[in-house]
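If you read the sequence shown in the working numbering, its first letter stands for residue 77, the second for the next number, and so on. As structure tokens, the structure follows; a few thoughts come after it.
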Amino acid sequence: MKKLIIITGASSGIGREFAKQLYSKLPADEMWLLARRKEKLDALAKELHSQAKNTSGEKKGMSVRSVEIDIGGKKGAAHFKELLAQEASKNDISIAMLVNNAGFGTYGPFENTDTEREMDMIDLNCTALTGICGYALPFMAKGSQIINVSSLAAFMPLGNFAVYAATKSYVLSFTQALAAEVSDKGIKVCALCPGSVSTEFANVASNGARKEVLHGLSAPKVVAHCLKKSAKGKHSAIMSAKWAVTAFLSRFFGRYFIARLTYKFAKRPANPMKNR
């Protein structure tokens, strides 16, 4: 049986960190790194192999496969299904770990953002993630894990992040329900719900208007915390005490109030992309 670790959105940020930590911590035969930027995937694969060399210079550890793919929407999920089918035709496979990290966000008032890009966000953050989970589950068994990357934004509607927060609410709700459904099979499903993390998120969300996430926690710490929670069978992972308090308190404030408050005071650099 060939055991696989599969990570989407593996070229940078949280996805890249999952690859680095899982490569050394979780036994498997092969790791699949999925993303659009092949050169970054290849560089990561080379780095992982380099770290795995023993003193004699011989490589050890699992093999790494870089897969250049646009995973968004039904087409992306269908492509993922084809990858699994091709591998299953050659080997008996079992997915030990699936990390759904591929996703992006935008910020700014909804009417000022690019509507097509907002719909692309739904396709990637929700549709693709759902399809990938569905196509992966037949290859999972007791002990397998799924980690879906959600966000602290999942717990409340956010002005200036209207669609992004809605997609992450979907991810959290879906993940918790799926965790309940497959728990009897011994499959663990966990939603990672981070606040600000030092990744490329701000640059992508603002289309270059803002390069960094201010006061973000480090990706290595966030990922390490998530892996511990997932291994214990927890259905969500919120690392920071501040994040946990924010998620808890969100239950006691009106949803419209939170959306209005964040719209008024959570200002960000203007998103230069307009409706086409």
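Beta carbons are placed, not taken as given, at the ideal position from N, Cα and C, and that holds for glycine. Since we're looking at a predicted model, the values are computed, not measured.
A direct Cα-Cα distance of roughly 22 Å separates S227 from E257. Secondary structure of A86 (DSSP, three-state): coil. Residue burial is scored here from C-beta neighbours: M107 has at least 16 other C-beta atoms within 10 angstroms and is therefore classed as buried. The DSSP-derived three-state label of C266 is strand.
In the three-state reduction of the DSSP assignment, N176 falls in the strand class, which pools E and B.
Restricting attention to alpha helix (DSSP H) runs no shorter than 4 residues, the segment 107-132 encloses them at 114-127, ordered along the chain. Apart from the 5 residues on each side of it in sequence, R113 sits with its Cβ closer than 7 Å to the Cβ of S87 in its chain, given in chain order. A contact is defined here as three or more CB-CB pairs under 8 Å, and the segment 208-226 fails this definition with respect to the segment 117-126. Taking the Cα positions, L160 is about 10 Å away from K166.
Taking the CA atoms as reference points, K305 sits about 20 Å from L205. A313 is bridged by DSSP to L268.
Here L325 is exposed. Its C-beta has fewer than 16 other C-beta atoms within 10 Å.
If you draw a straight line from the Cα of M197 to the Cα of K78, it is about 33 Å long. Counting only the Cα atoms, S249 lies some 19 Å from K308. Residue pairing by DSSP places Q221 opposite M173, K264 in a beta bridge. Within a 10 Å sphere around the beta-carbon of E192 sit fewer than 16 other beta-carbons, which makes this residue exposed.
Judged by their CB atoms, V225 and E93 are not nearer to each other than the 9 Å cut-off. Comparing alpha-carbon positions, the option among K122, L234, N177 lying closest to I147 turns out to be N177. Under DSSP, the beta-bridge partners assigned to L80 are E106, I171. Residue pairing by DSSP places V273 opposite L293 in a beta bridge.
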